[in-house]
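Asker: Protein chains in written order, with my numbering: chain A, 1 to 113; chain B, 1001 to 1113.
Provided herewith is a single structure, encoded as structure tokens, for subsequent inquiry.
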Amino acid sequence: KAGVTQTPRYLIKTRGQQVTLSCSPISGHRSVSWYQQTPGQGLQFLFEYFSETQRNKGNFPGRFSGRQFSNSRSEMNVSTLELGDSALYLCASTTGTGRETQYFGPGTRLLVL
Amino acid sequence: AQSVTQLGSHVSVSEGALVLLRCNYSSSVPPYLFWYVQYPNQGLQLLLKYTTGATLVKGINGFEAEFKKSETSFHLTKPSAHMSDAAEYFCAVTRGSQGNLIFGKGTKLSVKP
Chain A
1 KAGVTQTPRY LIKTRGQQVT LSCSPISGHR SVSWYQQTPG QGLQFLFEYF
51 SETQRNKGNF PGRFSGRQFS NSRSEMNVST LELGDSALYL CASTTGTGRE
101 TQYFGPGTRL LVL
Chain B
1001 AQSVTQLGSH VSVSEGALVL LRCNYSSSVP PYLFWYVQYP NQGLQLLLKY
1051 TTGATLVKGI NGFEAEFKKS ETSFHLTKPS AHMSDAAEYF CAVTRGSQGN
1101 LIFGKGTKLS VKP
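Structure, rendered in structure tokens:
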């Protein structure tokens, strides 16, 4: 089975721009979660989508948003980028039926200049 | 509220020596506990997890961890370090009945020849 894939792998943007990241879960998985990883704050949960609905949300400003499509692929969007948004963004997938193991993709490294 | 504390941001061992990475958690509900490993420029790979049952959990690459409820600990060990074990290790707990992970700050393991 193919693993979780994320595109693009690397991205450079400037302050004020917006960005969209994509995540394709493992086949059959209906839940996708997003995490932000920075040297200062570590790994922090952004949000989770299950069956096209946001099911759980972390403590991030409204500039961070996401969506999920009927094929379970998910996108996250960050508007009005700030320097502090530079991070590795990881997505993880599960079947969505409980506290299961989350399988992570390789991440998208975003650099905001 | 759930939280995870990893003691030691950097641990250095010699090849062939015992690896011990410490993790303490707090949780208001019976925890599900995980150890993930991250190699440079990669996502997170599951090493092992504890849900219920046997408190000594064996994972991949010779790692194991013991859940000690009385000490609220879930330390990761490996009897003999290999150069390929050099990576960053994250302990995590799931948040209540929800699936999102709360991570510790990570421990970077170096292995000296």
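All C-beta atoms in this analysis are idealised placements derived from N, C-alpha and C, irrespective of residue type, glycine included.
On a predicted model such as this, the values are computed, not experimentally measured, just so you know.
(1) Counting only beta-carbon separations shorter than 8 Å, does B:PHE1090 have a partner in chain A?
(2) Can you tell me whether A:GLY40 is buried or exposed, with buried defined as 16 or more other CB within 10 angstroms of its CB?
(3) Return the chain-ordered list of same chain residues with a C-beta closer than 7 Å to the C-beta of A:GLU82, the five sequence neighbours on each side being excluded.
(4) Taking C-beta pairs closer than 7 Å, name the residues in chain B that A:GLU100 reaches, listed in chain order.
(5) When you check each C-beta in the region 12–25 of chain A against every C-beta of chain B, which residues fall closer than 8 Å?
(6) Where A:SER114 and B:PHE1090 are concerned, what is the direct C-alpha to C-alpha distance, given to the nearest angstrom?
(7) My output table needs one value for A:LYS1: the three-state DSSP class, helix, strand or coil.
(8) Can you tell me the Cα-Cα spacing of A:PHE104 and A:SER93, whole angstroms?
(9) Once the 5 residues before and after B:GLY1059 are set aside, which same chain residues still bring their CB inside 6 Å of it?
(10) Return the residue from the list B:LEU1033, B:LEU1076, B:VAL1093 and B:THR1094 that minimises the CA-CA distance to B:GLY1062.
(11) 8 Å is my cut-off, CB to CB: does B:LYS1069 come that close to chain A?
(12) For a quick check, are the C-beta atoms of B:VAL1037 and B:ALA1087 less than 8 Å apart?
(13) Could you tell me whether the Cβ atoms of A:LEU88 and A:GLN37 are closer together than 8 Å?
(14) At the level of alpha carbons, what is the spacing between A:ARG73 and A:GLY107?
(15) Can you find a heavy atom of the ligand PLP that lies under 7 Å from the Cβ of B:LYS1112?
(16) Does the distance from the CB of A:THR17 to the CB of B:LEU1101 come in under 8 Å?
(17) CA-CA distance, A:GLU48 and A:SER22?
(18) Can you grab the Cα-Cα spacing for the pair A:VAL19 / B:SER1084, in whole Å?
(19) Take B:SER1115 as the anchor and find which of B:LEU1018, B:PRO1031 and B:LYS1112 has the nearest alpha-carbon.
(20) Can you check whether the C-beta of B:TYR1025 is within less than 8 Å of a C-beta belonging to chain A?
(21) Along chain B, which residues have their Cβ under 8 Å away from the Cβ of A:LEU111?
Answerer: The relevant details are as follows:
(1) Output row for B:PHE1090: interface = yes.
(2) Within 10 angstroms of the beta-carbon of A:GLY40 lie fewer than 16 other beta-carbons, which makes it exposed.
(3) By the criterion of a C-beta distance shorter than 7 Å, A:GLU82 is surrounded in its chain by ARG15 and VAL112, once the five residues flanking it on both sides are discounted.
(4) What A:GLU100 touches in chain B: GLY1099.
(5) Within the region 12–25 of chain A, not one residue has a Cβ closer than 8 Å to any Cβ of chain B.
(6) Since the first and last residues shown for chain A are 1 and 113, residue 114 of chain A lies out of range.
(7) If DSSP states are grouped into helix, strand and coil, A:LYS1 belongs with coil.
(8) A:PHE104 and A:SER93: Cα-Cα distance of roughly 7 Å.
(9) Answer for B:GLY1059: LEU1047 and LEU1048, listed in chain order.
(10) Nearest neighbour of B:GLY1062 by Cα position, chosen from B:LEU1033, B:LEU1076, B:VAL1093 and B:THR1094, turns out to be B:LEU1076.
(11) No, its Cβ sits nowhere closer than 8 Å to a Cβ of chain A.
(12) The answer is yes: Cβ separation under 8 Å.
(13) Against a cut-off of 8 Å, the Cβ pair of A:GLN37 and A:LEU88 comes out as a contact.
(14) Roughly 15 Å between the two C-alpha positions.
(15) Ligands are entirely absent from the displayed structure, and the ligand PLP is therefore not among its contents.
(16) Before going on, a small fix: residue 17 of chain A reads as Gln here, not Thr. No.
(17) Going from the Cα of A:GLU48 to the Cα of A:SER22 covers about 14 Å.
(18) Each residue's CA atom was taken as its position, placing A:VAL19 and B:SER1084 some 35 Å apart.
(19) What is shown of chain B runs 1001 to 1113, which leaves residue 1115 of chain B out entirely.
(20) It does not; no Cβ of chain A falls within 8 Å.
(21) At a C-beta separation below 8 Å, A:LEU111 has no neighbours in chain B, since its nearest C-beta there lies roughly 13 Å away.
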